[in-house]
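Asks: My numbering puts the first residue of the sequence shown at 1, with every later residue one more than the last. Every residue, glycine too, gets a C-beta built ideally from N, C-alpha and C. Every value quoted in this text rests on a predicted model; they were computed, and no experiment measured them. First the structure, which I've put down as structure tokens, then a few questions once you've had a look.
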Amino acid sequence: MKKLFNKNKNNASLNFVSINIDQETKHRLLSKLSKVFYNPYIQSTQEAFFNESFRIIRKELGEQVYDLILTSKRKGNIGLIMIKNLPIDNDIGDTPNTPIELPQKKSFVSESILAGISQILGEPIGYHSERSGQFIHQICPIKGKINEISSLGSKLFPFHNENLNCFPYTPSYLSLYCLRSDQQKKAITSVLHVKDILNELTENDISILSSKSFKVSGNKSMSVNHARTITLPVFHNLDSQNPTITLELNDMIGINKEATNALDKLKNICDNSESKIDIKLNPGMMIMIDNRITVHSRNTFKLQKGGQNRWLQRLFIKSDDLINWSNVLKDNGRTINDLIIK
Ligand SMILES: O=C(O)CCC(=O)C(=O)O
Ligand SMILES: [Fe+2]
């Protein structure tokens, strides 16, 4: 089959940047960020928290690393940025038990790393119906939801993009920061570039998958019963060199037989792709994933007793101003009122 796009030396179209923070910078960041006292989980101090964390990162991350992230954003074709050896809080406490339970820890080092570095790419955003509108999400297995196919479970969470039911007001990036890995170190987050999916499909499949024939409904981690269902294509902007993707393998259904068959084929390609980048997140490791040009997944992992479950923190970022976000943003300029998206 003729390949539509050329691969890079990793045999994948995914361009990714990997950064290692040196020990001196790590200690400096820990010392400065330990003193951030603005609470990211309280409305009255959230803005001050975002400003303060960005100010410290701007100053202390080091010009080289800062510029590398900024340049990656400008290029627009970097699907994944990985940063290792970042500091976390001295005592992180137990993994939270509910999606909106706040961490027990006394400082906000991990939150400041997540928010400070993510702001190099754009503005943090939240969704009214998701996790009570919180910006920093605790990503860990939640009692009663562990068998759910979502970021609250521990079962295979197949390839997806974030918050498709709010399309086109979907995050441009999602950032994930690891505070605790699963004890067996089996959890793997995988990222796959849209071009590597397109390369495996026939012209006819691509044409079906570019039609508005795929239905998705409310996100499982939405805390309010969110009813919006949307029908959209899987592939967009195919006439450019930078196609984009909106896929949710778990929830999406084809609206007719042709669409269902094409989606099945797509699922098979994603599941068996040799071009995906597999990442084992360790404490102090952060990834920023472009939610427009890649899809991501996570495999099954084991639960742990005594507050020791795997624990990530997540933040959504918007950097895409081609659409008019102001139509759906609340007065704080950050919360998307998904209840009014038409
Ligand atoms: O647990 C992971 O590694 C990723 C989960 C996920 O897809 C998400 O939080 O958006
Ligand atoms: Fe996700």
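Is there at least one Cβ from chain C nearer than 8 Å to L174's Cβ?
Replies: Although the question refers to chain C, the structure presented lacks it and comprises just one protein chain.
Asks: For H27 and N309, I'd like the C-alpha separation in whole angstroms.
Replies: For the purposes of this step, residue 27 is identified with residue 27 of the sequence shown, where counting begins at 1. For the purposes of this step, residue 309 is identified with residue 309 of the sequence shown, where counting begins at 1. H27 and N309: Cα-Cα distance of roughly 26 Å.
Asks: From I389 to P233, what does the alpha carbon distance come to, in whole angstroms?
Replies: Nothing in the structure corresponds to residue 389, since the chain is present only between 1 and 342.
Asks: What is the rounded straight-line gap between the Cα of L414 and the Cα of S53?
Replies: Summary: the structure shown does not reach residue 414, with the chain confined to residues 1 through 342, and so no result is reported for it.
Asks: Taking Cβ positions, are R334 and I125 nearer each other than 8 Å?
Replies: Taking the sequence shown and counting its residues from 1, the one referred to as residue 334 is at position 334. Taking the sequence shown and counting its residues from 1, the one referred to as residue 125 is at position 125. The answer is yes: Cβ separation under 8 Å.
Asks: Going by Cα to Cα distance, which pick from K59, F135 and H128 is closest to L315?
Replies: As a working mapping, residue 315 is identified with position 315 in the sequence shown. Of the listed residues, the one whose Cα sits closest to L315 is F135.
Asks: Less than 8 Å between the beta carbons of Q138 and W311, yes or no?
Replies: Residue 138 sits at position 138 when you count from the first residue of the sequence shown. Residue 311 sits at position 311 when you count from the first residue of the sequence shown. In this structure, W311 lies closer than 8 Å to Q138 by Cβ.
Asks: Tell me where the alpha helix (DSSP H) around H27 begins and ends.
Replies: Position 27 of the sequence shown, counted from the first residue, corresponds to residue 27. First-last of the alpha helix (DSSP H) with H27: Q23 to L33.
Asks: Quick one: what does DSSP say F167 is sitting in, helix, strand or coil?
Replies: Translated into positions along the sequence shown, residue 167 becomes position 167. Correct three-state label for F167: coil.
Asks: Using the C-alpha atoms, what's the distance from S319 back to Q119?
Replies: Residue numbering aside, residue 119 sits at position 119 when the sequence shown is read from its first letter. Residue numbering aside, residue 319 sits at position 319 when the sequence shown is read from its first letter. Going by the C-alpha atoms only, they are around 9 Å apart.
Asks: Quick one: any contact between the region 238-254 and the region 155-174, if contact means 3 or more CB pairs under 8 Å?
Replies: Yes: at least three Cβ pairs fall under 8 Å.
Asks: Straight-line CA distance for I100 to P168?
Replies: Locating residue 100 in the sequence shown gives position 100, counting from the first residue. Locating residue 168 in the sequence shown gives position 168, counting from the first residue. If you take the alpha carbons of I100 and P168, they lie about 26 Å apart.
Asks: For N327, which residues of its own chain have a beta-carbon under 6 Å away from its beta-carbon, when the five flanking residues on both sides are left out?
Replies: Position 327 of the sequence shown, counted from the start, is the residue given in the question as residue 327. So no residue of the chain qualifies.
Asks: Identify the continuous beta strand (DSSP E) that holds C178 and give its terminal residues.
Replies: Within the sequence shown, numbered from 1, the residue matching residue 178 stands at position 178. Element bounds for C178: Y173 to R180.
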